[in-house]
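K.L.:
Mind having a look at this structure? Questions to follow.
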Amino acid sequence: MNWLSHFGSFRWLSALLLGSTIIVLAENKPKAGGTLHLPLGGDISSIDPARCYELPGELFVRVLYQSLVDYDDGVEMVPCLAKSWTVSADGLIYTFELDPRARFSNGRAVVAEDYLFSFDRMLSPKMHCPADFIYFGIRGVEEYRAGKSEHISGVEAPSPNKLVFNLLKPDLTFLYRIAMPFAAPVCRELLKEKFSEIGTISAGAGPYKLKEWNRGARIQLVRNPFYGGACPAFVDELDATIGIEDSVAQMMFERGELDIVDLKFGVAGAEFPRIKRTPEISKNLEAEVSSAIDYLALNTEIPPLDNKLVRKAFNYAINKQRLVEIQGGRSVAMNGPLPPVVPGFSPNLKGYDYLPEKARALLAEAGLPNGFTTSVIFPNVVQENFRMVAAVQEDLRQVGIILEVNPLSFPAYLEKSQRRKTAPVCYASWSEDFPDPSNYLDALFNGETISERDCQNLAFYNNPEVNVLLKTAASSLNVKARLALYQKAEELIVEDAPWVFLVCLKQYVLHQPWVKNTKPHVVWPFRFEKMWIDR
Amino acid sequence: MLKRLCIRLVWSLLVLIGAAGLSFLIARAVPGDPARVIAGAKADAETIALIRTELHLNDPLWKQFGRYLWQLGHGDLGKSYVTNQPVTEAILTRFPATAALSLTALVIWMALAIPVGVLTARYQGTYFDRIVLVIATIGISLPALWVARLLQYELAYKAGLFPVAGLQSFRHLLLPALTLVVLVGGYYARLIHTNMVEVLRMSFIRTAEAKGVSGSRLLFVHALRNALIPVVTILGIDLAGLLGGVVFTENVFALPGIGTLALQSVFNLDAPIIMGTVIFSAFLVVSANLVVDLLYNFIDPRIRG
């Protein structure tokens, strides 16, 4: 073999590599067309952007009603129906230049006045918007809701293509809030009444429009032919069958009747071990750590849980690794209230290790050497909760704490858990609205938000020092200093132990091999407009 | 006859009011706040309080029930707490799926039960009769949820003979219908069998036999026509019960019928839908009873006499 023949084989190798690269690139190029067959466990409560505040319903609403901005593949903001935006130096004024190409599903151009209409509609008390509080930082909302003005003075439209938001206080999370479907424009002429629920009308400017919604049976979305924003869709039609249980969805998926198996956490817990054992299925399983957390809220107002030593004993008594094993490795143990995907997460935060001896010593120090009896409530709709609570119950029994178990329907659970001095311990879950520590710490630990009922702070935790830190951080414009304040608040919270910080769940997407670009996003686990079909 | 009809109508109305009252009390007695259901898990206290006031949920129970009966009297079943859809509309859009399933199942099980019931009566005490009795007893005893899951796993998932779930075509109805056939078919075969045995002992059969009527004509025309009279009564009431919602079967096969609507509303504590589906089911059963009762006069001449 001489040099030339070496060169010849090298040329063949190069050609082969080049060919493979071209094929890979062609495979990664989005293709338009096809139908995505999806399952829905229950019906969507509403497709009104002012009303829908639940997953997986929001996954459909956000492609019907797109907003000014959206997330890139991470947590950076990119334009969607906006062309660009500026923020004033004091952080109080956000000015958006609208994309002139943006169109509603009836073909009409989206103008700034549409946002004024939509914000007035969404924030009117008549609409009962479940997320209205997210926008209370806009100037004039309070007066508008009190009936003192006809419009929200802080939302202005100086020209058809310019939209201005005036805030009461600087807020670095404002763009995240604007990215939510609640802030999307609604086409006024398509509505029957301004303040009535949209029903089965499609009045958005998103990449999809509603084809048909046979309530309780099926919802079908087709591409909006007039769409003109920066975040278009590739798949022609989304076709979701409603009322399919997890295990049934898995069977349908394996028979090829569905393209994606589950729109909650991506796989049913009971099916997970089998999926992992079956390579031909698991090769199409994608996973990311999500923003959803499970925790045990310890009511700091009910004795003996008002004693920090007792709460710390709870934390030392529970073996979180065992909980991760019970979930088949679909979660990671937590040291504090923030999941790893949230900016400001402290990897070095000292949490509570599994030390039952220490837990017993703390109980003795608290004057409870023989332990005590208390009770936990949890929603009975999630089967896995039963196994998780049973493991917690067993761990606590080992240190002398007898935990009585009370599974409740979800509405009954909400009623009891959010009422003051009612439930000593709650097994609870939380997932973020946007990727910011405030969405955990402010929402769940701010003592100033405690109310007699309907309170999100399930531990009824109130530490004035933490409250001040949260308040200062909320209006800080310095990103680094702000995160440092939240980290300080998190340290104090962990020291006070109002929760047992249990696990952060992983998000999965199990898809057919022909469905591409399905990587779960940290905020919206399934982004239908990014996916395409390549058969 | 007219007096009898009037009395029956008054009783039917009282039963419906009773069903409305009972479902109202049960829906209210279950812990949980409807305002919280409407607002969603993360809503703030202000929004929830506003909804509570608008829905008069702070009023005493008797006042709420009075308002509900008043609306009911005007044909208004209210709106779903969760979807805001009018209850009547929700029930009517779900009814076709339940009706299609019930009627498909009914046709199949009667097509099987009639010949099996007649032949087991004719060959009473044989192995054939005993085998059918065992199968029927097993069918009656099996839990609906288990049968539905088993058939779905074996015939749809493993064998691929049917779609797993959903309702996109008539094919999607066959497996759920088969579930009902397994559960109910045996019972009807036995019912027909028992009535046939009784009829076959009657003197008019002996007369027909003596007159030389052929075996199959004797069985399927002379005897069966008489044996079916009590079956029709039970069938009417059973069909009304099915039309009111086949909870487990619909749920397993993701059929958008009254049964799944009722089950979902219980999970969501959606009181207007819970009450609406209960009243609708009660209405169907009461109406079927009434119709069967009146029809009996025409079907069976002995009653008229």
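Heads up: the protein sequence lines correspond to chains H and V, in order.
Letter by letter, the first sequence follows residues 2 to 536 in the numbering used here.
Letter by letter, the second sequence follows residues 10 to 314 in the numbering used here.
Yeah, the Cβ is synthetic: ideal placement off N, Cα and C, and Gly gets one too.
What you are looking at is a predicted structure, and each value in this text was computed from that prediction instead of being measured.
List the residues of chain H whose Cβ lies closer than 7 Å to the Cβ of Ala52(V), in chain order.
P.N.:
Neighbours of Ala52(V) on chain H, chain order: Pro131.
K.L.:
In the region 212-226 of chain H, which residues sit with their C-beta less than 9 Å from some C-beta in chain V, listed in chain order?
P.N.:
Here the close residues are Asn215, Arg216, Gly217, Ala218 and Arg219.
K.L.:
Which of the three DSSP states is assigned to Tyr95(H) in this structure?
P.N.:
Tyr95(H): strand per DSSP, three-state reduction.
K.L.:
Going straight from the alpha carbon of Leu356(H) to that of Ile327(H), what length do you get?
P.N.:
So the alpha carbons of these two residues sit roughly 19 Å apart.
K.L.:
Alpha carbon to alpha carbon, what distance is there between Ser125(H) and Pro1(H)?
P.N.:
Residue 1(H) lies beyond the stretch modelled for chain H, which goes from 2 to 536, so this question has no answer here.
K.L.:
I'd like to know if Asp247(V) contacts chain H, where contact means its C-beta is closer than 8 Å to some C-beta of that chain.
P.N.:
Asp247(V) does not count as touching chain H.
K.L.:
What residue from Ala52(V), Leu251(V) and Asp247(V) has the CA that sits closest to Tyr136(H)'s CA?
P.N.:
If we check each option's Cα against that of Tyr136(H), Ala52(V) comes out closest.
K.L.:
Can you list the residues of chain H that Tyr305(V) reaches, using a CB-CB cut of under 9 Å?
P.N.:
Going along chain H, no residue has its Cβ under 9 Å from Tyr305(V), so there is no contact; the nearest lies around 37 Å.
K.L.:
Report buried or exposed for Val241(V), applying the criterion of at least 16 other Cβ atoms within 10 angstroms of its Cβ.
P.N.:
By the 10 Å Cβ count, Val241(V) comes out exposed.
K.L.:
Are the beta-carbon atoms of Pro338(H) and Phe134(H) separated by less than 8 Å?
P.N.:
No, these two residues do not count as a Cβ contact at 8 Å.
K.L.:
For the pair the region 167-179 of chain V and the region 261-270 of chain V, tell me if three or more CB-CB distances fall below 8 Å.
P.N.:
Enough Cβ pairs lie closer than 8 Å, so yes.
K.L.:
Please identify, using Cβ separations under 8 Å, the residues of the region 116-143 of chain H that lie next to chain V, in order along the chain.
P.N.:
So the close ones are Pro126, His129, Cys130, Pro131, Ala132, Asp133 and Phe134.
K.L.:
Quickly, what does DSSP pair Val88(H) with across the bridge? List them, please.
P.N.:
Per DSSP, Tyr95(H).
K.L.:
Given Asn3(H), which residues of its chain have a CB within under 6 Å of its CB, disregarding the five upstream and five downstream residues?
P.N.:
Since pLDDT at Asn3(H) reaches only 48, below the 50 mark, its modelled position is unreliable, and the value read off the structure follows with that caveat. Excluding residues within five positions, none has a Cβ falling inside 6 Å.
K.L.:
Would you call the region 189-208 of chain V in contact with the region 104-120 of chain V, where contact means no fewer than 3 C-beta pairs closer than 8 Å?
P.N.:
Contact between the region 189-208 of chain V and the region 104-120 of chain V is present, because at least three Cβ pairs lie under 8 Å.
K.L.:
For the structure I just gave you, are there three or more beta carbon pairs, one from the region 140-154 of chain H and one from the region 448-457 of chain H, closer than 8 Å?
P.N.:
No, the region 140-154 of chain H is not in contact with the region 448-457 of chain H.
K.L.:
Report yes or no: do the region 28-41 of chain V and the region 286-304 of chain V share at least 3 C-beta pairs separated by less than 8 Å?
P.N.:
Contact holds: three or more Cβ-Cβ distances are below 8 Å.
K.L.:
Is there at least one Cβ from chain V nearer than 8 Å to Ser46(H)'s Cβ?
P.N.:
Yes, its Cβ sits closer than 8 Å to a Cβ of chain V.
K.L.:
Pull out every residue of the region 32-47 of chain V whose Cβ sits closer than 8 Å to any Cβ of chain H, in chain order.
P.N.:
Those residues of the region 32-47 of chain V that come within reach of chain H (Cβ to Cβ, closer than 8 Å) are Val39, Pro40, Gly41, Asp42, Pro43, Arg45, Val46 and Ile47.
K.L.:
Is the region 489-505 of chain H close to the region 226-242 of chain H, with three or more CB pairs under 8 Å?
P.N.:
Output reads no: the region 226-242 of chain H does not touch the region 489-505 of chain H.
K.L.:
Any beta carbon of chain A sitting closer than 8 Å to that of Phe229(V)?
P.N.:
Of the protein chains in the structure, H and V, none is chain A.
K.L.:
Indicate whether Leu363(H) and Ala314(H) have their beta-carbon atoms separated by less than 8 Å.
P.N.:
In this structure, Ala314(H) lies closer than 8 Å to Leu363(H) by Cβ.
K.L.:
What residues from chain V crowd round Gln384(H), counting only those whose CB sits closer than 8 Å?
P.N.:
Going along chain V, no residue has its Cβ under 8 Å from Gln384(H), so there is no contact; the nearest lies around 13 Å.
K.L.:
I'd like to confirm the pairing. Which residues does DSSP put opposite Arg104(H) in its beta bridges?
P.N.:
Partner(s): Ala110(H).
K.L.:
Tell me, please, which residues DSSP counts as bridged to Asp71(H).
P.N.:
Paired residue(s): Val79(H).
K.L.:
Look at the Cβ atom of Ile267(V), then the Cβ atom of Val275(V), and state whether they are nearer than 8 Å.
P.N.:
Taking 8 Å as the Cβ cut-off, Ile267(V) and Val275(V) do not qualify as a contacting pair.
K.L.:
Within this structure, are the beta carbons of Asn300(H) and Val426(H) separated by less than 8 Å?
P.N.:
Yes. Within cutoff.
K.L.:
Determine the DSSP secondary structure at Met2(H), reduced to helix, strand or coil.
P.N.:
In this predicted model, Met2(H) has a pLDDT of only 42, less than 50, meaning its place in the structure is not dependable enough to derive any value.
K.L.:
What does Pro172(V) reach in chain H if we use C-beta pairs closer than 9 Å?
P.N.:
Ordered by position in chain H, the residues that pass the 9 Å Cβ test against Pro172(V) are Met253, Arg256 and Glu258.
K.L.:
Anything in chain H within Cβ reach of Ala263(V), meaning under 8 Å, just list it in chain order.
P.N.:
Ordered by position in chain H, the residues that pass the 8 Å Cβ test against Ala263(V) are Thr242, Ile243, Gly244, Ile245, Glu246 and Val249.
K.L.:
Rounding to the nearest angstrom, what Cα-Cα distance links His231(V) and Ile214(V) in this structure?
P.N.:
The alpha-carbon atoms of His231(V) and Ile214(V) are separated by roughly 7 Å.
K.L.:
Does the separation of the CB atoms of Gln457(H) and Leu445(H) fall below 8 Å?
P.N.:
Contact: yes.
K.L.:
Report yes if the C-beta distance between Tyr441(H) and Val343(H) is below 8 Å; otherwise report no.
P.N.:
Result yes, Cβ atoms of Tyr441(H) and Val343(H) sit closer than 8 Å.
K.L.:
Could you check the C-alpha separation between Leu70(V) and Ser89(V) for me, to the nearest Å?
P.N.:
Going from the Cα of Leu70(V) to the Cα of Ser89(V) covers about 19 Å.
K.L.:
Between the region 100-121 of chain V and chain H, which residues of the former have CB atoms less than 8 Å from a CB of the latter, in chain order?
P.N.:
If the cut-off is 8 Å between Cβ atoms, the region 100-121 of chain V has Thr102, Arg103 and Ala106 near chain H.
K.L.:
Assuming Val46(V) and Asp279(V) make a contact with CB atoms under 8 Å, what is their CB distance in whole Å?
P.N.:
Yes, they are in contact, since the Cβ atoms of Val46(V) and Asp279(V) sit about 7 Å apart, within 8 Å.
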